[in-house]
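Below is one structure, written out as structure tokens; the observations come after it.
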Ligand code: ARG
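Numbering (my numbering), first residue to last: 160 to 607.
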């Protein structure tokens with residue numbers, strides 16, 4: 160039987176408590192730092208509107224900064240009979256400061272507290288994901304440049320179709336990440352609006368200065384309407400999860416290509432031995448388990464927005480406890496995606512490509528269009544050239560010319576990797592991560 164922030168004179172049944180708290184103590188550990196930062200902004204604002212004295216603000220600020228250091232040192236715990244991180248931090252303040260600790264919750268509810276914690280968490284983790292994406296992007300572009308002269312077959316319907324190249328193949332995934340980053344940035348903008356001050360979801364009769372907490376927490380803007388601020392719970396997570404899913408879809412497809420191209424039947428690429436796994440029975444096996452698990456992990460991340468949709472879809476406006484469950488798969492997904500990106504980055508850097516693929520005559524027919532185009536360039540109408548090459552193939556007279564001359568933007572001979580790099584860098588710069596770094600440093604008294 161535990162004591163609760165909200166407990167008055169009825170005691171809570173232990174089974175009910177276990178059921179309702181669920182995995183919140185574990186999940187809220189992801190939010191602890193951000194809970195403290197949100198509280199630092201909230202008390203600064205409370206003092207400015209006369210709800211705390213300057214001395215109380217000083218005492219609370221010192222203690223909260225100390226709790227932040229405890230979290231950083233990995234020593235923070237949510238005690239077994241404490242419901243969540245919000246209760247734990249308030250309890251610690253009250254133990255240290257008595258009544259002053261109890262004043263922190265004026266004009267606030269755990270509903271807007273968890274909202275702001277989640278948004279601060281998302282902003283931080285989106286930045287971490289972005290850095291991992293940037294590293295993989297750079298590796299893919301390097302590989303694209305390194306192997307830009309090496310041709311490979313391009314497929315449609317998994318049938319040999321046209322000449323392609325490793326420059327195109329690696330570069331395609333780099334460009335896919337540019338679009339994924341654009342989507343992630345849109346999600347970042349949604350997460351970058353301050354819900355604090357919406358309290359239980361309907362605002363407060365205290366004259367809260369919401370512009371001040373918005374500024375103090377480095378948010379780009381606020382969720383103005385208190386009811387909408389609460390409606391953002393679950394919606395913001397879903398939007399961010401969709402953006403994570405977009406990255407996961409890119410990486411999952413790359414992983415599948417890599418498994419396929421690594422198989423003996425293709426033999427296009429070789430994965431580094433130390434990144435393959437053996438078989439307990441077949442002595443020759445070097446299996447691409449890393450890419451296989453990557454594919455499955457990427458699929459799990461893509462399931463996340465659907466799970467969040469199902470949890471939140473049929474809720475009316477206003478807070479519901481259902482929302483708590485969104486945390487369980489959402490919060491750990493960032494670490495999972497960062498692990499994936501880091502591992503794939505290492506693998507891609509080590510991939511060796513087979514430079515002799517096209518010596519195999521089974522790929523000769525992919526040069527058929529090149530031959531048609533050569534005849535067209537010499538003056539023959541396209542349909543006649545198409546027919547002639549078709550008949551040559553039928554009669555066994557087709558001799559492929561294996562050099563290709565593709566010059567347009569984004570083709571084998573003109574990859575435009577410098578433009579991809581420029582698009583990526585521009586997107587990266589537009590996030591504006593410094594706003595939160597500076598704000599957090601100021602709240603923690605750590606700015607130089
Ligand atoms: N653990 C809760 C959650 O994540 C915190 C908010 C509690 N609010 C409430 N009205 N019970 O939703």
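From the three backbone atoms N, C-alpha and C, an ideal C-beta is built for every residue, glycine too.
Comparing C-alpha positions only, which one of the options sits nearest to residue i?
| i | options | result |
| --- | --- | --- |
| residue 226 | 212, 247, 173, 206 | 247 |
| residue 490 | 186, 173, 170, 166 | 186 |
| residue 423 | 446, 485, 405, 406 | 446 |
| residue 230 | 240, 251, 239 | 251 |
| residue 368 | 343, 265, 406 | 265 |
| residue 310 | 317, 298, 329 | 329 |
| residue 488 | 468, 570, 298 | 468 |
| residue 546 | 560, 561, 530 | 530 |
| residue 694 | 455, 590, 425, 458 | Summary: the structure shown does not reach residue 694, with the chain confined to residues 160 through 607, and so no result is reported for it. |
| residue 461 | 341, 237, 409 | 409 |
| residue 324 | 342, 302, 343 | 302 |
| residue 459 | 407, 417, 561 | 407 |
| residue 528 | 557, 291, 304, 249 | 557 |
| residue 605 | 339, 221, 548, 506 | 221 |
| residue 590 | 272, 525, 335, 346 | 346 |
| residue 457 | 480, 479, 475, 502 | 502 |
| residue 245 | 308, 532, 194 | 194 |
| residue 414 | 184, 510, 342, 348 | 510 |
| residue 306 | 582, 583, 598, 508 | 508 |
| residue 190 | 236, 205, 276, 163 | 276 |
| residue 223 | 202, 238, 214, 207 | 202 |
| residue 182 | 362, 204, 298, 481 | 481 |
| residue 249 | 272, 232, 233 | 272 |
| residue 572 | 563, 319, 580 | 563 |
| residue 207 | 371, 581, 166, 434 | 371 |
| residue 525 | 304, 300, 315 | 315 |
| residue 569 | 521, 333, 400, 420 | 333 |
| residue 382 | 411, 412, 348, 405 | 348 |
Tell me which residue opens and which closes the beta strand (DSSP E) that residue i is part of.
| i | result |
| --- | --- |
| residue 485 | Premise fails: residue 485 lies in the alpha helix (DSSP H), 485-509, not in any beta strand (DSSP E). |
| residue 390 | Counting along the chain, residue 390 falls outside any beta strand (DSSP E), though it belongs to the alpha helix (DSSP H) covering 385-421. |
| residue 314 | 310-315 |
At what residues does the alpha helix (DSSP H) containing residue i begin and finish?
| i | result |
| --- | --- |
| residue 344 | 325-350 |
| residue 371 | 369-375 |
| residue 595 | 593-602 |
| residue 264 | Unbroken run through residue 264: none, as it is neither H nor E. |
| residue 225 | 213-231 |
| residue 249 | 244-256 |
| residue 576 | 576-589 |
| residue 194 | 191-207 |
| residue 238 | Per DSSP, residue 238 belongs to no alpha helix (DSSP H) and is neither H nor E. |
| residue 185 | 183-187 |
| residue 171 | Neither: residue 171 is in no alpha helix (DSSP H) and is coded neither H nor E. |
Are the CB atoms of residue j and residue i within a distance shorter than 9 Å?
| i | j | result |
| --- | --- | --- |
| residue 242 | residue 177 | no |
| residue 331 | residue 360 | no |
| residue 270 | residue 392 | yes |
| residue 385 | residue 282 | no |
| residue 428 | residue 512 | yes |
| residue 587 | residue 496 | no |
| residue 596 | residue 322 | no |
| residue 279 | residue 196 | yes |
| residue 263 | residue 364 | no |
| residue 576 | residue 326 | yes |
| residue 274 | residue 354 | yes |
| residue 260 | residue 267 | no |
| residue 602 | residue 218 | no |
| residue 380 | residue 397 | no |
| residue 559 | residue 523 | yes |
| residue 504 | residue 295 | yes |
| residue 374 | residue 418 | no |
| residue 449 | residue 470 | no |
| residue 171 | residue 285 | no |
Using a Cβ cut-off of 9 Å (strictly closer), state whether residue i contacts chain D.
| i | result |
| --- | --- |
| residue 183 | In summary, chain D is missing from the structure at hand, where a single protein chain is found. |
What are the residues that DSSP puts in a beta bridge with residue i?
| i | result |
| --- | --- |
| residue 433 | Bridge partners of residue 433: none, in fact. |
| residue 428 | 512 |
| residue 318 | 315 |
| residue 364 | Beta-bridge pairing links residue 364 to no other residue. |
| residue 606 | Answer is none; residue 606 lacks a bridge partner. |
| residue 381 | 353 |
| residue 570 | 573 |
Which complete alpha helix (DSSP H) runs does the region 440-487 hold, if anything under 4 residues is left out? 448-471
Continuous alpha helix (DSSP H) assignments of at least 4 residues falling wholly in the region 511-555: 527-536, 541-553
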